Amino acid sequence: MKTSVTIAGVEFKNPVMTASGTFGSGMEYGEFVDLNRLGAVVTKGVANVPWAGNPTPRVAEVYGGMLNAIGLQNPGVDVFIQRDLGFLEQFDTRVIVNVCGRTVEDYLEVVERLADTRVDMLEINVSCPNVKEGAIAFGQKADALYGITSRIKKAARQPVIMKLSPNVTDITEMARAAEAAGADAISLINTLTGMKIDIERRKFVLANKTGGLSGPAIKPVAVRMVWQCANAVKIPIIGMGGIASAEDAIEFLMAGATAVAVGAMNFVNPYATMEVAQGIENFLAGHGIEDIHEIIGCVNR
Amino acid sequence: MAGKRKERARVASQRLLAPGIYDMRIATDLAKDAGCGQFVALYPKDKSTLLPRPISICEADRQAGELRLVYRVAGKGTAEFSHLQAGDSVDLLGVLGNGFPAGRAQRSMTAALLGGGIGVPPLLELAKELDCDRRIVVGYRDSQCFLREDFEAQAPGHVYIATEDGSVGTKGNVMDALRENGIAPDILFACGPLPMLRAVKQYAIEQGILAYLSLEERMACGVGACLGCVCQTAGVDPHSHVHNARVCTDGPVFEAREVEI
Ligand SMILES: Cc1cc2nc3c(=O)[nH]c(=O)nc-3n(C[C@H](O)[C@H](O)[C@H](O)COP(=O)(O)OP(=O)(O)OC[C@H]3O[C@@H](n4cnc5c(N)ncnc54)[C@H](O)[C@@H]3O)c2cc1C
Ligand SMILES: Cc1cc2nc3c(=O)[nH]c(=O)nc-3n(C[C@H](O)[C@H](O)[C@H](O)COP(=O)(O)O)c2cc1C
Ligand code: FES
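Chains as they are written, first to last, in this note's numbering: chain F, 10 to 310; chain D, 46 to 306.
Right, dumping it as C-alpha cells:
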C-alpha cells in the first residue's frame with residue numbers, strides 16, 4: 010500500500026503534517042509522538058529577527074474551537090537554524106519552515122538565510138490575522154500576493170508553499186495569483202478572524218481584541234475552500250482546518266489536498282498527528298485501496 | 046522524571062471541601078513523577094470545551110499513585126469535573142510545568158508559604174516537601190478556610206490565617222498576616238491572585254530575599270508549543286530569545302525578579 014505523496018519533487022512518507030504554530034519545532038510534542046512517523050514537521054513562523062508577539066491573553070476557547078492571537082512570537086531565524094533545525098535533523102521526517110515578516114525584505118532575508126540549510130520546503134505565511142503590519146496584507150489582495158510570491162520564488166532555494174488566508178472574498182483568485190507567480194504549492198486555510206467578548210467584564214477576551222479561529226468549527230469551510238482551489242489551480246494543495254481524526258483528513262484528501270496538517274487538535278489530543286497517519290493507513294487497507302492517490306481529489310473526477 | 050503523557054485515569058474520590066471548592070483524588074501513575082508546584086491539565090468530556098484545564102497538584106501520593114487536586118468551580122469545565130464520582134474516568138495531561146524549587150530552602154532557613162484563595166492548594170505539597178522551618182500564611186475571603194487542618198498537620202502551630210472579612214485570623218491579606226505575626230522569613234513561596242504576588246515580590250525585594258511565585262495564564266497546549274501562555278520576563282528568556290517565558294513549561298513558578306508582573 011502506498012501512502013507517500015510528492016509535492017514539488019519532495020517525497021513525503023505519508024501526507025500528515027503539523028500545522029504551523031501548533032507544534033513548535035517538534036521538541037515539545039516529540040515527548041508524545043514519534044516524529045519519524047510524520048510526513049513533515051511544519052515549524053512555527055520564523056522571522057528575520059526575534060518577535061515578542063502580542064500581550065496576553067493570547068488564547069480563548071470558543072464553541073468547537075479556539076481563538077489565538079499569538080502575534081507570531083519567534084526567536085528569529087539565527088536561533089531557529091542553530092537550535093530548532095539542529096533538533097529536527099535527528100529525525101527521518103521532512104522539514105517545512107513557516108516564514109513570516111513585516112516587509113517583503115523581511116521575508117527575503119529569512120528565505121536567503123535558509124537557502125543553505127537542509128530545510129525541505131518553505132511555507133510563506135501571508136495570512137496571519139494577528140499582526141498589524143505585513144503578513145496578512147500580502148495575502149488579501151491578489152496583486153500583492155502575486156508580487157511577494159514572485160520575489161520569494163526568485164530568492165528561494167527550496168520549493169515554496171504560499172499559505173492562504175480564508176479571510177478573502179474569493180480564495181480561488183488568491184490561489185491563481187500564487188500559481189501564476191510561480192508558487193510550487195499552496196496551503197490552506199489559515200485561521201478565520203474572530204472575536205470573543207466577556208459579557209461579565211464587558212471586555213474583549215483577547216488582549217488583541219480579535220484572534221484567529223481554528224479547530225473543528227472551521228473544518229467545513231476549509232474543506233470547501235480546498236475543493237474550490239483544487240478546481241482552480243494545478244499546483245498541489247496542503248489542506249488544514251480543524252482536522253481531529255483520519256476521517257477528517259480523508260475529507261480534505263478527497264476534496265483535492267495532496268497532504269494535510271493537524272493544528273489546534275494537537276492541544277486536545279497530543280497524539281493526534283500519529284493517530285491520523287495510522288488511521289489513514291487503516292482506511293486505505295480497509296477499503297482495499299492500493300495507493301493514496303486513488304482518493305486524492307476523487308470527488309472532482 | 047518520566048515524559049509527559051495524556052492518559053485516562055480513574056477518580057478515586059471526590060468531596061465538597063467548602064462552597065464551590067472540590068477535593069478530587071485521581072488514581073494515576075503520573076503521581077510518581079509529580080512534584081510540588083507542578084500541575085496537570087484535565088480535559089472536560091463536553092466537546093464544546095476542547096482545551097485542557099490546568100489544575101495544580103495539591104498532594105501527590107507517590108506510593109499509592111494518587112494525585113489530589115483542589116479546585117474552585119469557575120466555569121463550564123470545572124463544573125463538569127465537580128460532578129465526577131469515584132470510579133468515573135477522567136482524561137488528563139501531565140505532569141506539567143516547573144514547580145517550586147523546594148531545595149532552595151536550606152535546613153537552617155525559615156520559609157514562608159503564602160497562598161491566596163484558590164492559590165492555596167499547591168502549598169500543601171510544598172509544605173510536605175520542604176525540609177526547614179515553615180510558616181504557612183493563607184488568605185481566604187471568609188471563614189471557609191479550606192485545607193486549614195491539612196496545613197496544621199504539616200506545621201503545627203505555624204499556620205496563620207488572613208480573611209478579607211476578618212472572620213478568622215488577621216483581617217486583610219496574607220502580607221498583613223505575615224507582618225502582624227512578626228514572621229521574618231529567609232525565603233518565600235507564593236501562589237495566589239496577581240495583586241498578592243506583586244505585593245510578595247515587592248516585599249522580597251525590600252527584604253533582599255528569594256521569592257518563588259506561581260503564575261497563572263490562559264493556556265492552550267500546556268506543553269510549551271503554542272506560546273499562548275507567556276509572561277513578561279525581566280531579561281531575554283533563553284528559550285524564546287525575547288522578554289517572554291512560557292508559564293506552562295518555564296513556569297508556572299518563577300523567581301520574583303525574573304518576571305515583570
Ligand atoms: C498553572 C495553573 C494552575 C492552576 N491551578 C488551579 C487549582 O489548583 N485550582 C483551581 O481551582 N484552579 C486552578 N487554576 C485555574 C483553573 O485552570 C481555571 O479555573 C479553569 O481552567 C477554569 O476552567 P472552566 O472551564 O471551569 O472555566 P471557563 O471560564 O469556562 O474556561 C474557559 C477557558 O478559559 C480558561 N481559564 C479560565 N479561567 C482560567 C484561569 N484562572 N487560569 C487559566 N485558564 C483559565 C479555561 O482553561 C478554558 O480554556 C490554575 C491555573 C493555572 C494556569
Ligand atoms: C496557536 C496557533 C498558532 C498559529 N501560528 C501560526 C503561524 O505561526 N504561522 C502560520 O502560518 N499559521 C499559524 N497558525 C494557523 C495554523 O497553522 C492553521 O492554519 C489553522 O490553525 C487551521 O488549522 P487547525 O484548525 O487545525 O488549527 C496558528 C494556529 C494556532 C491555533
Ligand atoms: S499553553 Fe501552549 S505554550 Fe503554554
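Beta carbons: idealized from backbone N, C-alpha and C, even for Gly. Since this is a predicted model, take the numbers as computed values, not measurements.
Y72(F) sits in coil when the DSSP states are folded into three classes, being neither helix nor strand. Chain D places a beta carbon closer than 8 Å to that of G33(F), counting this residue as a contact.
About 6 Å separates the CB atoms of Q237(F) and I180(F); that is less than 8 Å, so the two are in contact.
Each of C276(D), A244(D) and P201(D) was checked against the Cα of A222(D), and the nearest Cα belongs to A244(D). DSSP, read as helix, strand or coil, puts M204(F) in strand. By the beta-carbon neighbour count (other beta carbons within 10 angstroms, threshold 16), D152(F) is exposed. A61(F) is positioned such that its CB atom lies no closer than 8 Å to that of T219(F).
Screening all residues for a C-beta within a distance smaller than 5 Å of any heavy atom in ligand 1 leaves E70(F), F84(D), L96(D), R98(D), P99(D), I100(D), S101(D), Y116(D), R117(D), A119(D), G120(D), K121(D), G122(D), T123(D), I163(D), P166(D), E261(D), R263(D) and P297(D), in chain order. K53, P59, W60, A61, G62, P64, T65, P66, R67, V68, A69 and E70: these are the residues of the region 46–70 of chain F whose beta carbon lies less than 9 Å from some beta carbon of chain D, given in chain order.
Between F147(F) and V135(F), the C-beta spacing is below 8 Å. In this chain, the beta strand (DSSP E) harbouring D106(D) covers E104 to D106.
The alpha-carbon of K49(D) is positioned some 6 Å away from that of E40(F). With a cut-off of 8 Å on Cβ pairs, the region 161–176 of chain F is not in contact with the region 204–212 of chain F, counting fewer than three such pairs. With a 10 Å radius around the Cβ and a threshold of 16 neighbouring Cβ atoms, T15(F) comes out exposed. Annotated as distal: N199(F) and D115(F), with beta-carbon spacing of 8 Å or more.
The beta carbon of T94(D) sits closer than 8 Å to some beta carbon of chain F. Within its own chain, the residues whose Cβ lies closer than 7 Å to the Cβ of V214(F), once the five positions on either side in sequence are excluded, are P66, A69, K205, I206 and D207, listed in chain order. DSSP places M263(F) in no beta strand (DSSP E) but in the uninterrupted alpha helix (DSSP H) bounded by A255 to A264. At least one C-beta of chain D is nearer than 8 Å to the C-beta of E37(F).
If one requires a minimum length of 3 residues, the beta strand (DSSP E) runs lying completely within the region 104–177 of chain F are 130–134 and 169–172, in chain order. If the five residues before and after A200(D) are omitted, its C-beta is found closer than 7 Å to the C-beta atoms of A172, R179 and I181, all from its own chain and listed in chain order. Here DSSP, grouped into helix, strand and coil, assigns S153(D) to coil. According to the DSSP secondary-structure assignment, V275(D) is paired through a beta bridge with R291(D). Contact check for G288(F) against A264(F) fails: the beta carbons are separated by 8 Å or more. A straight-line Cα-Cα distance of about 11 Å links A270(D) and A273(F).
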